[in-house]
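Okay, so here's the structure we're looking at.
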Amino acid sequence: MVDRNCISTINHIRFDPTEPKAEYIDIDDIAHALSYITRANGHFNAFFSVARHSINCAEEARLRGYSVHVQLLCLLHDAAEAYIGDMTRPLKMRIPEFGVIEKEYQKIIFTKYIGELSDEEIRLTREIDDAMLYNEFLKYNGETLLDYKPEIHIDLDSTVKSIDDTKAEFLLKFNELTKALNA
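If you want it as structure tokens, here you go:
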């Protein structure tokens, strides 16, 4: 009998999503799911995945000269969404329990793949995430979200790829960064 409180990942890992544990976390599952999950709840005029956003954030961190730690954090900053889905920021603020579960997942994922993070690394990642959010909404929705335009160094036009190519690029970037981190 199927346990209705469990989810099953693309690699057939079954678990209760409200009880995050490191042994359930798999980078292939993360890359796959994030490649299929859309940014902005699908309210862009083109398909744009969370994985593509994450790759772009990591590349932006590289272009800004940030550490491998920050680049990997940028790549994995939305990884919890592979297990619990995404929720828009306004709803996260109104449903605090979701944020608690999301933070538990992020902590497990970061500990498993990155290690300790400084407040500055987290701040830099948020800064890049917000800059990408602004520029993605401008490009794919024609809407400005802030009173100022945060600068980015990557060209969003050159990053559009298929789902399969995005998944492969996500895994390649992950492998490159974790190798560099552990060198």
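Residue -11 is where the sequence shown starts when you use this note's numbering, and the numbers rise one by one after that. From the three backbone atoms N, C-alpha and C, an ideal C-beta is built for every residue, glycine too. Keep in mind that this is a model prediction, so the values were computed, not measured.
Here Met81 is exposed, its C-beta having fewer than 16 other C-beta atoms within 10 Å. Rounded to whole angstroms, the Cβ separation of Pro8 and Ile142 is 31 angstroms, and the two are not in contact under 8 angstroms.
For Tyr128, the enclosing alpha helix (DSSP H) has its first and last residue at 107 to 129. Within the same chain, Cβ atoms closer than 6 angstroms to the Cβ of Phe125 are found at Glu131, Leu133, the five residues on either side in sequence being excluded. Of the residues Glu85, Lys161, Phe3, the one whose Cα lies closest to the Cα of Asn44 is Lys161. Residue range 151 to 169 is occupied by the alpha helix (DSSP H) that includes Glu157.
The stretch 23 to 30 and the stretch 45 to 61 do not touch, with fewer than 3 CB-CB distances between them shorter than 8 angstroms.
Counting the other CB atoms within 10 Å of its CB gives His20 a total of 16 or more, which places it among the buried residues. Membership of Thr99 in the alpha helix (DSSP H) is indicated by the continuous run 84 to 101.
The shortest C-alpha to C-alpha distance from Leu144 to any of Arg40, Tyr12, Phe3 is the one to Arg40. Setting aside the 5 residues that flank it on each side, Asn(-7) is surrounded in the same chain by Asp4, each with a C-beta closer than 6 angstroms to its C-beta; the list follows chain order.
Between the alpha carbons of Gly87 and Ala68 lies a distance of about 11 angstroms. The beta-carbon separation of Ile102 and Leu159, rounded to 16 angstroms, does not stay under the 8 angstroms limit for a contact. Ile15 sits in a helix when the DSSP states are folded into three classes.
Contact between Leu169 and Leu63 does not hold, since their C-beta atoms are separated by about 11 angstroms, which reaches or exceeds 8 angstroms.
Counting along the chain, Glu7 sits inside no alpha helix (DSSP H), nor does DSSP assign it H or E at all.
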